[in-house]
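*Asks:*
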Amino acid sequence: NFYKKFILQTKPLIWINLSAELNSLFISDKNTVTFFYLVLVFVSLTYLSIGFFINKSNAKILLAGYNTMSRERRERFDIERYLRHFKTFFIRLSIYPLISWLACVYVLRFENALIVWAIGQNLPFVIFLCKHKQTKYLK
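Numbering (the numbering used here), first residue to last: 1111 to 1249.
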């Protein structure tokens, strides 16, 4: 009886200590949150700059896949049409990190939102690849 009473009384204390240990693994202090928002802005500006600065003249160097094509295949590839889709995608993608982050943090705690957000950043690229595979860019 004594042991049962002791365990029942100490179990909440053990749970509180365990919770504190688990919460210490996830740092959600003000500096971490600030750093994450800076990362968010950096990612968005990177997407935006890709959308604005990739063009036909530097695509031969910067676009993966296009830069490894043979000269004949590159001449048959409709780069203008591809770049229209590519640039539009990346310009629109520049607002996705912020919108997806706000949706995640509204629903989840910071630590969980961070994980879901990081995984969710791959979704637009999967959609882009599916659309890219459906469209024929060879002339």
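Beta carbons are placed, not taken as given, at the ideal position from N, Cα and C, and that holds for glycine.
Could you check where the alpha helix (DSSP H) with GLY1161 kicks off and where it finishes?
*Replies:* 1140-1163
*Asks:* Between LYS1197, VAL1236, VAL1151, VAL1143, which has its C-alpha nearest ALA1169's C-alpha?
*Replies:* LYS1197
*Asks:* When the cut-off is 9 Å and only beta carbons count, does TYR1157 lie next to chain C?
*Replies:* The structure shown contains no chain C; it holds only a single protein chain.
*Asks:* Any idea if PHE1152 is buried or exposed, counting beta-carbon neighbours within 10 angstroms, 16 or more meaning buried?
*Replies:* exposed
*Asks:* Does the stretch 1151-1167 come close enough to the stretch 1187-1205 to have 3 or more Cβ pairs within less than 8 Å?
*Replies:* yes
*Asks:* Beta carbon of VAL1226, beta carbon of LEU1218: below 9 Å?
*Replies:* Yes, the pair counts as a contact, with Cβ atoms nearer than the cut-off.
*Asks:* Who are the near neighbours of ARG1186 in its chain, counting only those whose CB is closer than 7 Å to its CB and skipping five residues on each side?
*Replies:* LEU1248, LYS1249
*Asks:* Tell me the DSSP secondary structure of LEU1248 in three-state form.
*Replies:* strand
*Asks:* With C-beta atoms as the reference, is SER1154 less than 9 Å away from SER1204?
*Replies:* yes
*Asks:* Could you tell me whether the Cβ atoms of TYR1157 and TYR1192 are closer together than 9 Å?
*Replies:* Not a contact, by the Cβ cut-off of 9 Å.
*Asks:* Tell me PHE1187's beta-bridge partners as DSSP assigns them.
*Replies:* LEU1248
*Asks:* Reducing DSSP to helix, strand and coil, say where ASN1232 ends up.
*Replies:* coil
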